[in-house]
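Residue 90 in the UniProt record's numbering sits at position 90 of the sequence shown; the count goes up by one each step and never skips.
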Amino acid sequence: MLGCKPADTPLEPNSHLKNKEGKPVDKGNYQRLLERLIYLTHTRPDIAFAVSVVSQYMHDPHSSHLEAAYRILRYLKYSPGRGILFSQNSHLAIEAYTDADWARCPDDRRSTSSYCIFVGGNLVTWRSKKQVVVARSSAEAEFRSVAHGLCELLWLQGLLADLNFPVQRPMKLFCDSKSAISIAHNPVQHDRLNTWK
């Protein structure tokens with residue numbers, strides 16, 4: 001990988017990996033590579049989504065999955081100075097950002113939820129994970145992502161209270177879906193919510 005061409009994104013734009021795409025590759029080598037990439041996500045949240053995607057194929061990796069994992073390595077080569085930097089701030093404002101991609105996986109049509117949470121302007125927790133059930137709409141996928149982000153916000157609020165850093169101002173949760181925001185503000189108006197439980 002020393003002489004490889006760097007990549008400017010962790011995943012190929014608009015790419016969708018599929019099961020059994022390409023030739024089978026050595027499962028042990030693939031898993032060892034992914035273990036290292038998963039470890040790196042603790043300090044490089046910018047690769048979390050890409051690692052989440054390629055780790056779905058650890059049980060039966062093929063050449064297309066290995067190429068995608070190699071692209072993450074090439075991206076890391078392109079961006080060696082990136083990572084988490086904590087700066088001192090006078091406030092402990094808590095902000096969460098959530099997003100989902102509706103039915104991205106072509107094999108099972110499940111969506112991926114992602115969130116990142118900042119305390120005092122510093123990124124402290126993030127996650128990108130495939131949803132357990134198939135969402136029937138983009139609003140449902142986004143609302144599930146909001147729910148995951150909210151659970152993490154509440155946990156973080158409790159942790160800060162246990163550490164004697166009570167949250168002084170309201171926590172903010174941002175979502176880019178008008179439908180999910182509408183559901184969050186008035187869940188009783190949506191009769192389809194019963195099927196989302």
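Where a beta carbon is used, it is the ideal one built from N, C-alpha and C, also for glycine.
Short Cβ contact (8 Å threshold) for residue i with residue j
i, j, result
"L17", "A69", "no"
"A135", "A93", "no"
"A7", "R71", "yes"
"L173", "A96", "yes"
"residue 216", "M58", "Here the chain covers residues 1 to 197 and nothing more, so residue 216 does not appear."
"R109", "K5", "no"
"T125", "E142", "no"
"V119", "P61", "no"
"S64", "D99", "no"
"P45", "L123", "yes"
"Y66", "Y30", "In the sequence as presented, Tyr is not what sits at residue 66; that position holds Leu. Yes; because the gap between Cβ atoms is below 8 Å, this pair is in contact."
"I181", "C175", "yes"
Sheet register partners of residue i (DSSP bridge)
i, result
"P24", "H62"
"D99", "S114"
"I94", "V119"
"T9", "In DSSP, T9 forms no bridge with anything."
"K129", "S113"
Run of the alpha helix (DSSP H) containing residue i, from where it starts to where it stops
i, result
"W155", "S138 to D162"
"K172", "Counting along the chain, K172 falls outside any alpha helix (DSSP H), though it belongs to the beta strand (DSSP E) covering K172 to C175."
"K178", "K178 to H185"
Delimiting residues of the beta strand (DSSP E) encompassing residue i
i, result
"S113", "T112 to V119"
"I47", "Looking at the DSSP string, I47 is not in any beta strand (DSSP E), and its letter there is neither H nor E."
Are the region 164-177 and the region 128-137 touching by the rule of at least three beta carbon pairs closer than 8 Å?
-> no
Would the region 48-67 and the region 110-130 be scored as touching if the rule is three or more Cβ pairs under 8 Å?
-> yes
On the three-pair Cβ rule with 8 Å, is the region 76-96 touching the region 14-29?
-> no
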